[in-house]
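Okay, so the sequence shown: first residue is 0 according to numbering that gives the first Met the number 0, each after it adds one. A short worksheet on the structure shown next.
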Amino acid sequence: MYFGEEEESIQEDTLVQRILAGDESAFRELVATYRQYLFQTIYAIVRHPKDAEDLTQDVWTRIYFSLPQYQMKGLKTWMTRIAVNRAIDFKRSASRKREEMTAEIEDPVQTIATHHHNDLEHEVVMNETARLVRTKLDQIPANYQDVLSAYYLDHQTYQDIADAQGVTVKTVESKLYRAKQWLRKNWKEEDFL
């Protein structure tokens, strides 16, 4: 972690502690600092200004109520993860609603009959996808599995990974870069379709 990043992290942690202590001005300060960033992050996913505004408000509410669970590392990353997940959930939900409305308009009787079939089909597809992903994960070289798992699944910082593995942060960055290169070379999107 660089000096500027460390100082920013300390300021963010202090801000979070003030919010948790009930300081309303601290939360306003947090919102003022990251409002535009979170809006742009959400807008990049949903591509609709009104939806992005509504989702941004919802994300701020989620952030506020989730702060007691925040572990004082990577505040911006943590908030971004909440925003991205909420935007993706919204897109999925909107897409599903559009499909259901279209189907119900076209043939309401058929819609009722296919709901049960779709649930079973969805379960079969999800089970097959999970099996495929497990198979693919087993193909990753062991020296890449640990860093990918720690970073993407356990959401650890480079520093946390470096400490756990007894290596430098630069080594973690290098391993993660090489692991991503390996994935790009060996995995194709069509393998998962």
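All C-beta atoms, glycine included, are put in the ideal place defined by N, C-alpha and C. Since this is a predicted model, take the numbers as computed values, not measurements.
Between the alpha carbons of A141 and S148 lies a gap of roughly 11 Å. Residue burial is scored here from C-beta neighbours: Y176 has fewer than 16 other C-beta atoms within 10 angstroms and is therefore classed as exposed.
The shortest CA-to-CA distance from S92 to any of F64, S65, Q56, D50 is the one to D50. By the 16-neighbour rule on beta-carbons within 10 angstroms, E11 is buried. With respect to the 8 Å criterion, L74 and V15 are classified as neighbours on the basis of their beta carbons. By the CB criterion at 8 Å, A82 and L136 fall outside the cutoff. By a beta-carbon distance limit of 8 Å, K72 does not contact I44. Their separation comes to about 24 Å. DSSP places P140 in the coil class of the three-state scheme, outside both helix and strand.
The continuous alpha helix (DSSP H) containing Y157 extends over residues 157-164.
If the five residues before and after S24 are omitted, its C-beta is found closer than 6 Å to no C-beta atom of its own chain.
With a 10 Å radius around the Cβ and a threshold of 16 neighbouring Cβ atoms, L19 comes out exposed. In the DSSP assignment, W186 falls outside any alpha helix (DSSP H) and carries neither an H nor an E. Under the three-state reduction of DSSP, A82 is assigned to helix. In the structure shown, R177 falls within a helical segment according to DSSP collapsed to helix, strand and coil. Relative to V30, the option among D159, N126, D57 whose CA is nearest is D57. For W77, the CB contacts under 7 Å within the same chain, skipping 5 residues up- and downstream, are Y69 in chain order. Between the alpha carbons of S65 and R80 lies a distance of about 12 Å. Between the beta-carbon of V171 and that of A161 there is about 5 Å, and that keeps the pair under the 8 Å contact cut. Rounded to whole angstroms, the separation of the alpha carbons of T134 and Q164 is 25 Å. In the displayed model, Y69 falls within coil according to three-state DSSP, outside both helix and strand.
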